[in-house]
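Single-structure report; data block below.
Number of protein chains: 2
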Amino acid sequence: MEKNDRLAERNRGFFKAKNLLVLNVVSSPGSGKTTFIRETVAKLAGKLRVGVIVGDLATDNDAARLREVGIPVVQITTGTVCHLDANMVAKAAAELDLDSLDVLVIENVGNLVCPADYDLGEDLRVVLLSTTEGEDKPLKYPPMFHSAQVAIVTKSDLAAAAGFNRAQALANLKRVSHHAQIFELSSRTGEGMSAWLDFLAGEWKKRQS
Amino acid sequence: MEKNDRLAERNRGFFKAKNLLVLNVVSSPGSGKTTFIRETVAKLAGKLRVGVIVGDLATDNDAARLREVGIPVVQITTGTVCHLDANMVAKAAAELDLDSLDVLVIENVGNLVCPADYDLGEDLRVVLLSTTEGEDKPLKYPPMFHSAQVAIVTKSDLAAAAGFNRAQALANLKRVSHHAQIFELSSRTGEGMSAWLDFLAGEWKKRQS
Chain A
0 MEKNDRLAER
10 NRGFFKAKNL
20 LVLNVVSSPG
30 SGKTTFIRET
40 VAKLAGKLRV
50 GVIVGDLATD
60 NDAARLREVG
70 IPVVQITTGT
80 VCHLDANMVA
90 KAAAELDLDS
100 LDVLVIENVG
110 NLVCPADYDL
120 GEDLRVVLLS
130 TTEGEDKPLK
140 YPPMFHSAQV
150 AIVTKSDLAA
160 AAGFNRAQAL
170 ANLKRVSHHA
180 QIFELSSRTG
190 EGMSAWLDFL
200 AGEWKKRQS
Chain B
0 MEKNDRLAER
10 NRGFFKAKNL
20 LVLNVVSSPG
30 SGKTTFIRET
40 VAKLAGKLRV
50 GVIVGDLATD
60 NDAARLREVG
70 IPVVQITTGT
80 VCHLDANMVA
90 KAAAELDLDS
100 LDVLVIENVG
110 NLVCPADYDL
120 GEDLRVVLLS
130 TTEGEDKPLK
140 YPPMFHSAQV
150 AIVTKSDLAA
160 AAGFNRAQAL
170 ANLKRVSHHA
180 QIFELSSRTG
190 EGMSAWLDFL
200 AGEWKKRQS
């Protein structure tokens with residue numbers, strides 16, 4: 000773990016020198032990470048250039064979904080490992096043309112437990128909570144939600160059908176991720192995306208010297 | 000791991016001597032494990048007596064949801080551990096009056112990776128896949144889906160709203176969980192529950208000598 004923390008700091012320094020804003024996107028399996036990333040990149044087109052590193056136990060389905068819309072993607076296949084680590088990210092990043100990018104998005108393995116402990120050298124950890132998962136997840140997976148700087152409620156278009164208790168979910172998020180910036184959106188309909196994109200552009204600008 | 004495997008076999012022998020059918024229910028966070036278990040127990044009332052062991056990193060929300068409808072429940076709080084193990088289950092089972100039960104359901108930590116490697120001494124591993132998670136999960140988490148004897152597609156009432164591709168999901172399940180019995184149901188509406196309950200009653204009966 001200590002070795003991972005040192006390698007993560009090396010990544011952080013390297014990414015900073017490249018003027019990159021780096022996001023580590025984490026969530027349960029099926030919370031909509033890939034669609035969220037695809038729509039974020041599409042809507043930033045012409046403003047910020049984004050590359051993606053995708054982690055999965057098996058298959059390159061997610062990488063393929065991003066690649067087919069023209070996004071530069073590197074796939075990491077972890078086998079049975081339930082998280083990415085800083086070394087995997089350093090190797091994958093070396094395969095991207097970082098000088099042609101403004102933002103690097105790392106899509107972690109779908110898991111609300113293991114990735115919490117692994118710093119990848121990101122600027123912002125972004126945790127997704129879908130309306131179909133239920134409002135109690137922040138309370139049940141506190142290390143992950145506590146460690147995030149950004150919490151995003153996804154699939155807002157399914158909230159009514161799923162009987163999502165929004166007030167309770169936001170209260171739970173504020174309790175566990177009390178320092179996190181919270182957004183609510185639907186990647187599918189685009190509802191709520193602009194506030195997130197404005198925030199991202201602001202974070203990127205802050206880091207340019 | 001070898002120690003866990005030995006303890007799991009000890010559990011298996013103990014549960015067999017008690018004439019118990021034991022299920023290990025696994026899934027992503029938010030696939031609907033607790034509601035599924037609650038409705039299964041409610042619909043078995045008068046036929047089979049069910050006790051539950053619930054594992055979570057934090058909170059006893061799930062245990063409380065089961066206890067409030069009169070189900071005998073023991074809670075295991077794992078802290079930062081992403082799975083239950085055979086030793087935890089043995090200790091928790093000792094807190095239940097097993098002689099008054101026919102079925103023991105173990106609700107594992109919500110995680111599609113870590114619990115795959117830990118035999119708990121169950122008769123059947125039951126993996127849940129909700130329609131809102133997407134049809135690709137079996138391909139992306141093969142060890143878990145491969146290890147299950149039963150695969151249940153949950154939240155069938157949300158399939159249309161979520162744009163769930165049923166044919167693709169079943170094809171993926173059959174590819175990875177090719178030996179598994181597959182059920183499709185909604186715990187909320189009750190649709191599809193009877194086939195699952197009949198199967199369960201049959202599995203229980205098989206084990207009575």
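Protein chains in written order, with numbering that gives the first Met the number 0: chain A, 0 to 208; chain B, 0 to 208. Virtual Cβ for every residue (Gly too), placed ideally from N, Cα, C. Here the structure is a predicted model, which means the values were calculated and not measured.
Note down, in chain order, each residue of its chain lying with its Cβ closer than 8 Å to the Cβ of residue i, except the 5 sequence neighbours on either side.
i: B:Asn3; result: Asp84, Ala85, Asn86, Tyr117 and Asp118
i: B:Val112; result: Cys81, Tyr140, Pro142 and Met143
i: A:Arg66; result: Val72
i: A:Val102; result: Leu19, Leu20, Val21, Leu22, Leu43, Leu47, Arg48, Val49, Gly50, Leu199 and Trp203
Return no unless some Cβ of chain B is closer than 8 Å to the Cβ of residue i.
i: A:Leu196; result: no
i: A:Lys139; result: yes
i: A:Lys46; result: no
i: A:Asp118; result: no
Is the CB of residue i under 8 Å away from at least one CB in chain A?
i: B:Ser133; result: Strictly speaking, residue 133 of chain B in this sequence is Gly, with Ser absent from that position. So, interface residue.
i: B:Ala179; result: no
i: B:Asp98; result: no
i: B:Val112; result: yes
i: B:Asp84; result: no
Give every residue of the same chain whose Cβ lies closer than 7 Å to the Cβ of residue i, excluding the five residues on either side of it in the sequence, and list them in chain order.
i: B:Gln167; result: Glu134
i: B:Ser27; result: Gly109, Leu111 and Glu132
i: B:Lys154; result: Gly31, Ser129, Thr130, Thr131 and Ser185
i: A:Leu100; result: Leu19, Arg48, Val49 and Gly50
i: B:Ala7; result: Ala85, Asp118, Leu119 and Gly120
i: A:Ala91; result: Ile52, Val73 and Ile75
i: A:Leu95; result: Gly50, Pro71 and Val73
i: B:Val88; result: Asn10, Ile52, Ile105, Leu119 and Gly120
i: B:Ala210; result: Any property of residue 210 of chain B remains undetermined from this structure, which presents chain B solely from 0 to 208.
Which chain A residues sit within Cβ distance under 7 Å of residue i?
i: B:Leu65; result: Those do not exist, as B:Leu65 stays about 14 Å from chain A at its closest Cβ, beyond 7 Å.
In chain B, what lies closer than 7 Å to residue i by C-beta?
i: A:Ala160; result: Leu157 and Ala160
i: A:Thr79; result: Pro142
i: A:Ala57; result: Leu138, Lys139 and Pro141
In its own chain, which residues sit with a C-beta less than 6 Å from the C-beta of residue i, not counting the 5 before and 5 after it?
i: B:Val175; result: Pro137, Pro141, Phe144 and His145
i: A:Leu196; result: Lys42
i: B:Thr34; result: Ser186
i: B:Ala62; result: Val53, Val72 and Gln74
i: A:Ala158; result: Thr130
i: A:Arg64; result: Thr33
i: A:Phe163; result: Thr130
Counting only Cβ pairs nearer than 9 Å, list the residues of chain A close to residue i.
i: B:Lys136; result: Pro28, Gly29 and Gly109
i: B:Asn60; result: Asp135, Leu138 and Lys139
Between which two residues does the beta strand (DSSP E) carrying residue i extend?
i: A:Val102; result: Val102 to Glu106
i: A:Leu127; result: Leu123 to Ser129
Under 9 Å Cβ-Cβ, which residues of chain B neighbour residue i?
i: A:Ala168; result: Those do not exist, as A:Ala168 stays about 11 Å from chain B at its closest Cβ, beyond 9 Å.
Could you spell out the range, first to last residue, of the alpha helix (DSSP H) harbouring residue i?
i: A:Asp96; result: Taken as a continuous stretch (DSSP letters only), A:Asp96 belongs to no alpha helix (DSSP H), as it is neither H nor E.
i: A:Met192; result: Met192 to Lys205
(message) Quick check on the DSSP output: what are the complete alpha helix (DSSP H) runs of length 4 or more inside the segment 138-182 of chain B, in order along the chain?
(response) The segment 138-182 of chain B contains, as complete alpha helix (DSSP H) runs of 4+ residues, the segments 141-145, 158-161 and 165-175 (chain order).
(request) Return the chain-ordered ranges of every beta strand (DSSP E) run that is complete within the segment 15-74 of chain B and spans a minimum of 3 residues. (result) Runs found: 20-25 and 49-55.
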